[in-house]
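Mapped onto the working numbering, the consecutive letters of the sequence shown carry residue numbers -5 to 234. The next block holds one structure in the form of structure tokens; read it before the comments.
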Amino acid sequence: MKIAEKIKKKIKRMPEGTTFKYQQLDLSKTEYSGAAKAIERLINEGVIKRITKGVFYKPKKSVFGELRPTETEIIKPYLYEQGKRIAYITGTVLYNNMGVTTQVPKIVKIASRSKRIYIDSGSIKAKPVKSYIDVTEGNYSLLEILDVLKDFTKIPDLDKESGIRFLKDKLNGLSEKETNMLVKYALKYPPRVRAFLGALLNEITGQENRNLKQSLNPLTTYRFNLNEDTLKTAPNWNIK
């Protein structure tokens, strides 16, 4: 099959509004030169559009005309390398998507351990932050939870009682295996994150997690400015 036909079939199977890089086209190294010409033809034909160098999208059509991909969809190709997830969106954009803040920042934060990812494409601007853990498709949702714990006192306009309920719901929805993984990852995060997670799990299960407890300095106090009834196990973990 010719490269142009191969690419056209691949793009035809993509949902409208999908963004992609060359890596998503399953090309061999010898096909990249021909692929560039095929991509240019498809752009000229209006089949796809270019977002920035090496990043494209399949336009989504509506009664109002063509729609540009969502911010999350535009960023998505940058979160993968050779088909594997290496990064995830964090910071206020993540917390807005989760519904714990109404604030929308101008700059998106992208967490990765292996790569520093910058984006400057029209209204989309992103800067890198360092992930504490190597990011994979299987663990990034757990890292998102840990980031909420880490930034809890800094999340704009967060209602702390609602935030605690949100976190309890998230933790209650995890399997035993996922909870064990979350604890394992938390040991790489700052002590305040480990204490906060320990207090939440303590209230949910009625037991103190030994690994989290032993990782903390018993003389250190962590200030979250919580009401006494918001997280009743907080004093067990030196959280004020």
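Backbone N, C-alpha and C fix where the C-beta goes; we use that ideal spot for every residue, glycine too.
Flag this pair as yes or no: are the beta carbons of Leu225 and Ala193 separated by less than 8 Å?
-> Yes, they are a contact pair.
Which value, in whole angstroms, describes the spacing of the CA atoms of Thr95 and Lys78?
-> Rounded to the nearest angstrom, the two C-alpha atoms are 30 Å apart.
Just curious, the beta strand (DSSP E) that Ser56 is in, first and last residue?
-> 54 to 56 is the extent of the beta strand (DSSP E) around Ser56.
What do you reckon, are the CB atoms on Leu238 and Leu191 nearer than 8 Å?
-> Outside the displayed range of the chain (-5 to 234) lies residue 238, so it cannot be described from this structure.
Same chain only: Cβ atoms within 7 Å of Ile300, ignoring 5 sequence neighbours per side = Because the chain is modelled from -5 through 234, residue 300 falls outside the range shown and cannot be assessed.
Kindly list the residues whose CB is nearer than 8 Å to the CB of Asp145, restricted to its own chain and excluding five residues on each side of it in sequence; keep chain order.
-> Hits under 8 Å: Gly85, Tyr89.
Ser209 beta carbon less than 8 Å from that of Leu181 = A contact, by the Cβ cut-off of 8 Å.
Where does Phe190 sit, in a helix, a strand or coil, going by DSSP?
-> Taken through DSSP and simplified to helix, strand or coil, Phe190 comes out as helix.
With 16 as the cutoff for other CB atoms within 10 Å, does Lys23 come out buried or exposed?
-> That one is exposed.
CB-CB length for Arg110 against Ser125, believed under 8 Å = Taking C-beta atoms under 8 Å as the contact rule, Arg110 and Ser125 fail to qualify, at a distance of about 11 Å.
State the DSSP-derived secondary structure class of Glu155, mapped to helix, strand or coil.
-> DSSP places Glu155 in helix when its eight states are reduced to three.
For the candidate residues Arg188, Lys6, Ala228, Leu152, whose alpha-carbon lies nearest to that of Gln238?
-> Absent from the structure is residue 238, since the part of the chain shown begins at -5 and ends at 234.
Length of the line joining the Cα atoms of Lys31 and Glu10 | For Lys31 and Glu10, the distance between alpha carbons rounds to 22 Å.
Contact under 8 Å by Cβ, Asn211 with Pro229 | No. Outside cutoff.
Measure the C-alpha to C-alpha separation of Asp141 and Gly28 and round it to an integer number of angstroms.
-> Answer to the nearest angstrom: the Cα atoms are 42 Å apart.
Going by alpha carbons, who is nearest to Lys119 out of Ile33, Tyr183, Ile45, Asn196?
-> If you compare the alpha carbons of Ile33, Tyr183, Ile45, Asn196 with that of Lys119, the shortest gap goes to Ile45.
Under 8 Å between C-beta atoms, does Gly77 make it to chain C?
-> Within the model displayed, chain C is absent; a lone protein chain is all it includes.
Return yes when at least one heavy atom of the ligand HEM lies under 7 Å from the C-beta of Ser169, else no.
-> Ligands are entirely absent from the displayed structure, and the ligand HEM is therefore not among its contents.
Between the Cα of Lys178 and those of Ser156, Arg204, Glu25, Glu197, spot the shortest distance and give me the residue it belongs to.
-> Per the Cα distances, Arg204.
Pull up the CB-CB distance for Tyr51 and Ile37, whole angstroms please, since I reckon it's below 8 Å.
-> Between Ile37 and Tyr51 the Cβ distance is about 11 Å, and since that is not below 8 Å, they are no contact.
Pairwise C-alpha distance: Lys162 and Glu202 | Going by the C-alpha atoms only, they are around 15 Å apart.
DSSP state of Asp223, grouped into three classes?
-> DSSP places Asp223 in coil when its eight states are reduced to three.
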